[in-house]
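Going letter by letter, the sequence shown gives residues 21 to 244 in our numbering. Even glycine gets a Cβ: it sits at the ideal position worked out from N, Cα and C. These figures come from a predicted structure and were not determined experimentally. The structure under discussion appears below in the form of structure tokens.
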Amino acid sequence: AACSANRKFMFGPDVIQNSDGTYSLMVGSGDREKPLATYTTAYQVQDDFFVINDNPTSSTWLSSESSNCSNTSVICLASLGQLSMTSSGVTGTPTSKGWYLPLAAHESVVTSALTIYGTITFSTHIPVPVGGAPTCTSTLGTANVYNMNYQNGTSMNGTSYPFQMIAGGGLPPSPVGGLVTLDNGQQVPFIIGASPNSPLGGGSPPSPTSSTQPKRRVYWYIQQ
């Protein structure tokens with residue numbers, strides 16, 4: 021059936037391997053190519069952030085969702101637990117297949133997601149309605165950076181909300197992480213784009229968890 025939501029996914033998912041052998045895919049929807057409120061088809065879409073679990077070794081991982089997904093052996097929206105953002109934090113219960121978090125009205129994911137030590141980092145954008153900003157203020161819109169626990173969506177930034185407003189607004193670049201070798205030979209992990217102070221500011225990632233990144237990524241090209 022046709023999907024009325026018309027969500028767009030403009031960045032590939034981030035993938036981690038869990039300690040039990042399953043995989044978690046992190047991806048958010050949003051139309052970065054149409055970031056203004058004047059693009060009504062993009063402005064009205066309800067965008068979400070998704071964490072979808074996969075177990076390639078289970079022969080019933082998809083077929084078990086048939087009753088949730090219109091007699092189709094896939095993981096659909098009904099397979100996932102819906103989370104909500106409240107003043108006291110993120111609430112809701114993930115399922116074995118994962119979870120999704122509906123974003124605020126007109127908010128869309130405009131970067132790829134990066135998961136380091138179990139914390140997902142990505143950024144979103146909310147456009148300013150036409151005539152909605154005074155002459156002497158920025159019309160770049162609101163940019164938020166999310167730092168969330170990949171297992172349940174709870175905040176990892178020290179506040180109740182999993183997001184913080186980025187100074188200056190606009191469309192931030194995707195987060196980047198890795199290891200840097202110091203002069204003394206020590207290797208130190210870093211992440212760029214996880215701080216609300218600057219989308220280009222660097223810092224230390226959170227403490228390690230039991231999750232690990234896959235050895236490599238594999239991409240498929242589907243001929244249309």
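Cutoff 6 Å; reference Phe183; Cβ partners in own chain excluding five residues on either side: Taking the first residue of the sequence shown as 1, we reach residue 183 at position 163. Cβ-Cβ distances below 6 Å link Phe183 to Asn164 and Tyr166 in the same chain, with the five nearest sequence neighbours on each side left out; the list follows chain order.
Option in Ser93, Ser79 and Ala125 with minimal Cα separation from Glu85: By 1-based counting over the sequence shown, the position of residue 85 is 65. Per the C-alpha coordinates, the member of Ser93, Ser79 and Ala125 positioned closest to Glu85 is Ser93.
Coarse secondary structure for Tyr97, derived from DSSP in three states: The residue you call residue 97 lines up with position 77 of the sequence shown. Here residue 97 turns out to be Leu, not Tyr, going by the sequence shown. In this structure, Leu97 counts as helix in the three-state DSSP scheme.
Contact check, Ser44 vs Ile36, beta carbons under 8 Å: In the sequence shown, the residue the question calls residue 44 occupies position 24. In the sequence shown, the residue the question calls residue 36 occupies position 16. In this structure, Ser44 lies near Ile36, with their beta-carbon atoms less than 8 Å apart.
Under 8 Å between C-beta atoms of Asn169 and Thr139: Working through the sequence shown from its first residue, we reach residue 169 at position 149. Working through the sequence shown from its first residue, we reach residue 139 at position 119. In this structure, Thr139 lies closer than 8 Å to Asn169 by Cβ.
Member of Pro76, Gly41, Cys89 and Leu97 whose CA lies at the smallest distance from the CA of Asp67: Walking along the sequence shown from the start, residue 67 turns up at place 47. Residue Leu97 holds the alpha-carbon nearest to the alpha-carbon of Asp67 among Pro76, Gly41, Cys89 and Leu97.
Span of the alpha helix (DSSP H) around Thr61: If you number the sequence shown from 1, residue 61 lands on position 41. Element bounds for Thr61: Thr60 to Tyr63.
Under 8 Å between C-beta atoms of Met185 and Thr162: The count along the sequence shown starts at 1 and reaches residue 185 at position 165. The count along the sequence shown starts at 1 and reaches residue 162 at position 142. Their beta carbons are under 8 Å apart, which means Met185 touches Thr162 by this criterion.
Where Leu17 falls, given that 16 or more other Cβ within 10 Å makes a residue buried: Because the chain in this structure spans residues 21 to 244, residue 17 falls outside the shown range and cannot be described.
Of the listed residues Pro225, Leu134 and Thr144, nearest to Thr190 (C-alpha basis): In the sequence shown, residue 190 corresponds to position 170, counting from 1. With the sequence shown as reference, residue 190 is identified as Gly, and Thr is not the correct amino acid for it. Nearest option by C-alpha distance: Thr144.
Endpoints, beta strand (DSSP E) assigned at Gln171: Numbered from 1 along the sequence shown, position 151 holds the residue referred to as residue 171. For Gln171, no beta strand (DSSP E) run applies, since DSSP gives it neither H nor E.
Start and end residues, beta strand (DSSP E) containing Asp34: Numbered from 1 along the sequence shown, position 14 holds the residue referred to as residue 34. Residues Asp34 to Gln37.
Boundaries (first-last residue) of the beta strand (DSSP E) holding Gln66: Here the question's residue 66 lines up with position 46 in the sequence shown. Bounds of any beta strand (DSSP E) do not take in Gln66, whose DSSP letter is neither H nor E.
Sufficient close CB pairs (3 or more, under 8 Å) joining the stretch 95 to 111 to the stretch 47 to 61: Contact between the stretch 95 to 111 and the stretch 47 to 61 is absent, because fewer than three Cβ pairs lie under 8 Å.
Coil, strand or helix - Ser83 by DSSP: The count along the sequence shown starts at 1 and reaches residue 83 at position 63. Helix.
Limits of the unbroken beta strand (DSSP E) element including Tyr120: Walking along the sequence shown from the start, residue 120 turns up at place 100. Membership of Tyr120 in the beta strand (DSSP E) is indicated by the continuous run Gly118 to Pro122.
Status (buried if at least 16 other CB within 10 Å, exposed otherwise) for Val71: Here residue 71 corresponds to residue number 51 of the sequence shown, with the count starting at 1. With 16 or more other Cβ atoms inside 10 Å of its own Cβ, Val71 counts as buried.
Residues of its chain near Pro9, where Cβ-Cβ distance is below 7 Å and the 5 sequence neighbours each way are ignored: With the chain represented from 21 up to 244, any question about residue 9 goes unanswered, as that position is not in the structure.
Element boundaries [beta strand (DSSP E), containing Gly198]: Position 178 of the sequence shown, counting from 1, holds the residue named residue 198. Following the DSSP letters along the chain, one finds Gly198 inside the beta strand (DSSP E) bounded by residues Val196 to Thr201.
In DSSP terms, what Leu134 is bridged to: On the sequence shown, position 114 is the one that residue 134 refers to. Answer is Thr141.
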